[in-house]
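Residues in the sequence shown are numbered consecutively from 564, following our numbering.
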Amino acid sequence: MLTMLRWGYPALVFLCTIPLSAAEVRYATDVAPLLEKRCYMCHGAGQQMSGLRLDQKDAAMRVIQPGNSAASKIVRMVTGADGKIMPPAGARLTAAEIAMLRSWIDRGAEWPATASAAPTLWSLRKIVRPDVPAVRDRAWARNAIDNFILARLDAEGIAPSPEASRATLLRRISLDLTGLPPSAGEVDEFLRDNRSDSYERAVDRLLASPHFGEKWARYWLDLARYADSDGYEKDRSRPWAWRYREWVIQALNRDMPYDEFTTEQLAGDLLPNRNLDTLVATGFNRNTLTNREGGTDPEQFRDEQVLDRAATLGTVWLGLTVGCAQCHDHKFDPIKQKEFYQLSAFFNTQEEANVLAPMPGELGPYLAAKATYDQKRKELLEQYKIPEAQAAYEERLRQATLHPGQLEDADFAYGEFTHTVDNARKVLFMDPAKRSEVQQYAMTDVFIGSCGNAYPKDYCNSLKLGELRGKLNQLNATLPPITYAPVLVENDTPPKTYVHIKGDWREHGPEVQPGMLAVLPPMPPGTPTRLTLAQWLVSPENPLTSRVAVNRIWQELMGRGIVVTSEDFGTQGERPSHPELLDWLASEYMARGWSTRQMIRLIVTSSTYRQSSHARPELEAKDPSNTLLAHMSRLRLPAELVRDQALSAAGLLDLRIGGPSVKPPQPKGVAELSYAGSVKWVESGGADRYRRGLYIHFQRTTPYPQLMNFDAPNANLACTRRERTDTPLQALNLMNDPVFYESAQALAFRVMRESTGAFRDRLTCAFKVTLGREPNAREAERMGKYYDEALHNLQQAPQKVAALFPNRLEGVPQNEAAAWVELSRVLLNLDEFITRE
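Printed below as a string of structure tokens:
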């Protein structure tokens, strides 16, 4: 159905738990986790407000009357029957949770004598592969996924939805697997293919596409908090950040097993068979924010980076909010503050570096010119007496470090220096003969560029540094470009790690060694390193990594995870809607050699995934969030894909894969919002203007507005699931943003070029390239009326014609072409256009 982008209502997300039958309610698995999540904060071991404690049986029975929920005070408290509802703040118990509590009490409030006061969290239990349930409709179940889904639907008395139309299915898998819509030719070919396995063939073709890596890289880069700038006040660009993005795309296109994918990113520099590729992978943890403001303590922000890396590991691989234990023991989950710092100790042994990481075709020309370049650079530096001046400058910085406050100019210069050179203090005190070329060049460049911060200007002027900078710039232009990669390597003299009292980096508690959370299975014996940590994360003994990973794959394809809170598998997160399915998928992932591509194929070839997304009124009350998956969910496309759809339909999209980030046109004044206007947004030209959204330069302090309007994350923290909002700004974006306006013009040009002059033929062409289908009779009628009205209005206002369509097409009146631009703007603003059905 033709629908304009909706934005006149709030986007509400209902999180509901489907009620269990009375016979299934158990204290250990159902009641205790509920009390722990909602009640223990005020009525647990830590404190007992009003003298009530609910984590011990004898104490809890003061408010529980077994066999009689109506007379139990705890029920009256959580329902507000006595005029005061519990909990007094935060989320109330849902109707399903209250029903479960009532059922448990009415059946005798079974509380085993062996029940622990802190029950084992479901996600920490060992993964045991469950049996695949039998179902009545065996023909519907194409694979084990369908058995689990259908068994639950049967229990609830709900039938699954019919399969979506073939055109819808092709568009669905195209968007989900590559992020690109199918071409009109691909749609026609698929609809003509009558082979029984035509759908599976289409899936395999898309999985083998090089654009598969681009689509699924975006999901991973959200977790990696990828950005092209540092953040904070300076927010300087990171010219080589994209090299890590390149690695992710290539790894996904090779279907690198997830255990290797994990190990290379966390410890690629420690692998016995390490190479440049595994080193580039460590760029995962170079995505932390970097504060380069003058006057800040570099040790403080290095410490913050280390802690961020520990918290990110907890989020990405464990699905636990370990960062909540930075200042004190975790309030809800079994994570001690000491354990958080033990985890951070793994990353306190690393230091940052930039390494030569040439792309194909770069190294030869670079090496051929490098010797001549080095000699001319040396001669220039000696001509201007830089080695002697630089040595004195470095000694001045060392004195400022050892005796702060004695040389004010040097103090300021040292502050600037530490935020310019990687591992600044270590490099400063290093014998210059032992520095790497990158380190020595950086030290020289920082002296030439910031001499005035450490010395009077007259002295710097006497060295003619401005003149030297000009000559060096000319010399640098003669050197063929070469790519570097930001990486992390092991520090040969790592600092000690301490617990921070109340999270204050200046207040040291006891020293700690690298270690894992006590609540998880132990790591192998021996000295713990980042490599043993990475290997332990993907070992069968760890109950979290595979559960967390397959849940996110499911979330990406189905719209929500089996565990909705994909960032939190702890007590405050949601419990899985289909726990047996989650464990089956987790065990299957490992059994298939951690092949992400195979797991995606398994899901998208299931009957569950192939269902129609048409709403079913009878389910609106019973399952408003589609937890049971009785139909497919309609999903607004991610920000980058919204842009890609418009450019693709218009025939403008540049499909080159990889390479540096680009800066397409954006509204004027956005870059000026940065601190002191420090961000320079120099628009990319040519085909770079129309590259995929994945490659748009992400400036943390002033992100590309269209990405933000469509809910892209800010890249400051790991993002496990994007919000999907519905706002007026989105509709305005689609109508008036330069990219979408140009796309509408190009789409009109394409339609008139690729179809005959009849309106219905052109409309059919336009629908196929935008929506992947033909218009129905009602849509054709409505669009025809709109076109006639637009044509009439343009005839009355000829001055608008040239603005809408400045070009001329032979045999096509310009006002007709302009009317097609107006119609194209409508098509690009349709809800269906930016939605995966």
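The beta carbon of each residue, even a glycine, is placed where N, CA and C say it ideally should be.
(message) Does Ser584 pass the burial test, meaning 16 or more other C-beta atoms within 10 Å, or should it be called exposed?
(response) In the sequence shown, counting from the first residue as 1, residue 584 sits at position 21. Note on Ser584: pLDDT 43, under 50, position unreliable in the model; the coordinate value appears next. With fewer than 16 Cβ atoms within 10 Å of its Cβ, Ser584 is classed as exposed.
Note to self: Just to confirm before moving on: does the CB-CB distance between Ala780 and Ile812 stay below 8 Å?
What the structure shows: For the purposes of this step, residue 780 is taken as residue 217 along the sequence shown, with counting starting at 1. For the purposes of this step, residue 812 is taken as residue 249 along the sequence shown, with counting starting at 1. Yes.
Continuous beta strand (DSSP E) stretch holding His774: start and end: Taking the first residue of the sequence shown as 1, we reach residue 774 at position 211. Careful: His774 lies outside any beta strand (DSSP E), inside the alpha helix (DSSP H) at 774-786.
How about Cys1328 and Glu1317: are their beta carbons less than 8 Å apart? In the sequence shown, counting from the first residue as 1, residue 1328 sits at position 765. In the sequence shown, counting from the first residue as 1, residue 1317 sits at position 754. If you check the CB distance, Cys1328 and Glu1317 come in under 8 Å.
- Tell me, which residues are paired with Val1375 by DSSP? For the purposes of this step, residue 1375 is taken as the residue at position 812 of the sequence shown. For Val1375, DSSP records a beta bridge to Leu1372.
Report yes if the CB atom of Phe1273 is closer than 8 Å to the CB atom of Ala1202, and no otherwise.
-> Mapped onto the sequence shown, residue 1273 falls at position 710. Mapped onto the sequence shown, residue 1202 falls at position 639. Taking 8 Å as the cut-off, the Cβ atoms of Phe1273 and Ala1202 count as close.
What are the boundary residues of the alpha helix (DSSP H) that includes Pro596?
Taking the first residue of the sequence shown as position 1, residue 596 is located at position 33. Secondary structure note for Pro596: its alpha helix (DSSP H) is the uninterrupted segment 595-601.
Helix, strand or coil, according to DSSP, for Arg1399 in the structure here?
The sequence position of residue 1399 within the sequence shown is 836, counting from 1. Note: Arg1399 maps to strand in three-state DSSP.
Discussion item. Assuming contact is defined by CB atoms lying nearer than 8 Å, are Tyr1258 and Val1225 in contact in what I supplied?
Written reply: Taking the sequence shown and counting its residues from 1, one reaches residue 1258 at position 695. Taking the sequence shown and counting its residues from 1, one reaches residue 1225 at position 662. Yes, these two residues count as a Cβ contact at 8 Å.
Selected residue, minimal CA-CA separation from Val1062, among Tyr1022, Phe909, Tyr904, Gln1208: Taking the sequence shown and counting its residues from 1, one reaches residue 1062 at position 499. Checking every option, the nearest Cα to that of Val1062 belongs to Tyr904.
Mind listing, in chain order, the continuous alpha helix (DSSP H) runs of no fewer than 4 residues lying wholly within the segment 865-934? Taking 4 residues as the shortest admissible run, the segment 865-934 contains the following complete alpha helix (DSSP H) segments, listed from N- to C-terminal end: 900-908.
So who's on the other strand from Ile1259, going by DSSP bridges? Here the question's residue 1259 lines up with position 696 in the sequence shown. Val1225, per the DSSP bridge assignment.
**Asked** Gly1012 to Lys948, Cα distance in whole Å?
**Response** Start at 1 with the first residue of the sequence shown, and residue 1012 comes out as number 449. Start at 1 with the first residue of the sequence shown, and residue 948 comes out as number 385. One C-alpha to the other measures close to 15 Å.
* Asked: In three-state terms, what does DSSP make of Pro960?
  -> Numbered from 1 along the sequence shown, position 397 holds the residue referred to as residue 960. The sequence given here places Leu at residue 960; Pro does not occur at that position. Of the three classes helix, strand and coil, the one that applies to Leu960 here is helix, per DSSP.
I'd like to check one pair, Met1006 with Glu1428: are the Cβ atoms closer than 8 Å? Missing from the structure shown is residue 1428; the chain here goes from 564 to 1400 and no further.
Specify the secondary structure class of Arg715 as computed by DSSP and reduced to three states. Position 152 of the sequence shown, counting from 1, holds the residue named residue 715. Looking at Arg715 - three-state DSSP - the assignment turns out to be helix.
Quick one: residues in its chain with C-beta nearer than 6 Å to the C-beta of Ile690, no 5 flanking neighbours on either side, listed in chain order? Here the question's residue 690 lines up with position 127 in the sequence shown. Same-chain partners within the cutoff: Pro1106, Asp1146, Ala1149, Ser1150.
Using a threshold of 8 Å, state whether the C-beta atoms of Gly1256 and Leu1270 are closer than that. By one-based count along the sequence shown, residue 1256 stands at place 693. By one-based count along the sequence shown, residue 1270 stands at place 707. In contact: Gly1256 and Leu1270 (Cβ atoms closer than 8 Å).
Query raised in the report: With a CB to CB cut of under 7 Å and the five nearest residues on each side skipped, what residues in its chain are close to Thr1398?
Result: Numbered from 1 along the sequence shown, position 835 holds the residue referred to as residue 1398. Closer than 7 Å at Cβ, skipping near neighbours: Arg1197, Leu1198, Arg1199, Leu1200.
Beta-bridge partners of Leu1295, as assigned by DSSP:
As a first step, residue 1295 must be located in the sequence shown, where it is residue number 732. According to DSSP, which records beta bridges pairwise, Leu1295 is partnered with nothing at all.
> Quick one, are the C-beta atoms of Ser1241 and Asp798 less than 8 Å apart?
Replying inline: The count along the sequence shown starts at 1 and reaches residue 1241 at position 678. The count along the sequence shown starts at 1 and reaches residue 798 at position 235. Yes; because the gap between Cβ atoms is below 8 Å, this pair is in contact.
Taking just the CA atoms, how far does Arg940 sit from Thr1041? In the sequence shown, counting from the first residue as 1, residue 1041 sits at position 478. In the sequence shown, counting from the first residue as 1, residue 940 sits at position 377. Approximately 11 Å between the Cα atoms of the pair.
Where does the unbroken beta strand (DSSP E) through Tyr1152 begin, and where does it stop? Taking the first residue of the sequence shown as position 1, residue 1152 is located at position 589. Run containing Tyr1152: none in the beta strand (DSSP E); it sits in the alpha helix (DSSP H), 1142-1154.
Report the option in Cys1282, Gly886, Pro1376, Trp1383 whose CA atom is closest to the CA atom of Val1314.
Locating residue 1314 in the sequence shown gives position 751, where the first residue counts as 1. The candidate whose alpha carbon is nearest that of Val1314 is Trp1383.
May I ask you to report which of helix, strand or coil DSSP gives Arg837?
Within the sequence shown, the letter at position 274 stands for residue 837. Arg837 falls in the coil class under three-state DSSP.
Does DSSP put Trp1383 in a helix, a strand or coil?
Here the question's residue 1383 lines up with position 820 in the sequence shown. When DSSP states are grouped into helix, strand and coil, Trp1383 belongs to the helix group.
- Go through its chain and collect everything with a Cβ distance to Met649's Cβ below 7 Å, but skip five positions before and after it. The residue given as residue 649 occupies position 86 in the sequence shown. Around Met649: Met640, Val641.
Check: When the Cα atoms are used, what is the spatial distance from Leu926 to Trp1244?
Finding: Taking the first residue of the sequence shown as 1, we reach residue 926 at position 363. Taking the first residue of the sequence shown as 1, we reach residue 1244 at position 681. C-alpha of Leu926 to C-alpha of Trp1244: approximately 29 Å in a straight line.
Point to revise | Anticipated Cβ contact below 8 Å, Val1075 with Val918, distance rounded | key: Walking along the sequence shown from the start, residue 1075 turns up at place 512. Walking along the sequence shown from the start, residue 918 turns up at place 355. Not really, about 30 Å apart at Cβ, beyond 8 Å.
*Return the Cβ separation of Arg1284 and Gln1118 in integer angstroms, given the expectation that the two are a contact with Cβ distance under 8 Å.*
The residue labelled residue 1284 in the question sits at position 721 within the sequence shown. The residue labelled residue 1118 in the question sits at position 555 within the sequence shown. Right, their Cβ atoms sit about 6 Å apart.
### Query
Between His891 and the rest of its own chain, which residues show a CB-CB distance below 6 Å, the 5 nearest in sequence each way excluded?
The residue labelled residue 891 in the question sits at position 328 within the sequence shown. Apart from sequence neighbours up to five positions away, the residues of its chain that approach His891 with a beta-carbon distance below 6 Å are Gln900, ordered along the chain.
message: For Pro1049, list the residues DSSP reports as bridge partners.
response: In the sequence shown, residue 1049 corresponds to position 486, counting from 1. In the DSSP output, where bridge partners are listed per residue, Pro1049 has Asn917.
* Going by other Cβ atoms of all chains shown within 10 Å of its Cβ, with 16 needed for buried, is Thr1060 buried or exposed? -> The sequence position of residue 1060 within the sequence shown is 497, counting from 1. Answer is buried; the Cβ neighbour count reaches 16.
- Task: For His1260, count neighbouring Cβ atoms within 10 angstroms of its own Cβ and tell me buried if that reaches 16, exposed if not.
- Result: Within the sequence shown, numbered from 1, the residue matching residue 1260 stands at position 697. Under this definition His1260 is a buried residue.
* Asked: Looking at the structure shown, is Thr1041 part of a helix, part of a strand, or coil, going by DSSP?
  -> As a position in the sequence shown, residue 1041 is number 478, starting the count at 1. Thr1041 falls in the coil class under three-state DSSP.
For Gln1098, three-class secondary structure by DSSP: Looking up residue 1098 in the sequence shown gives position 535. The answer is helix: DSSP assigns Gln1098 an H, G or I state.
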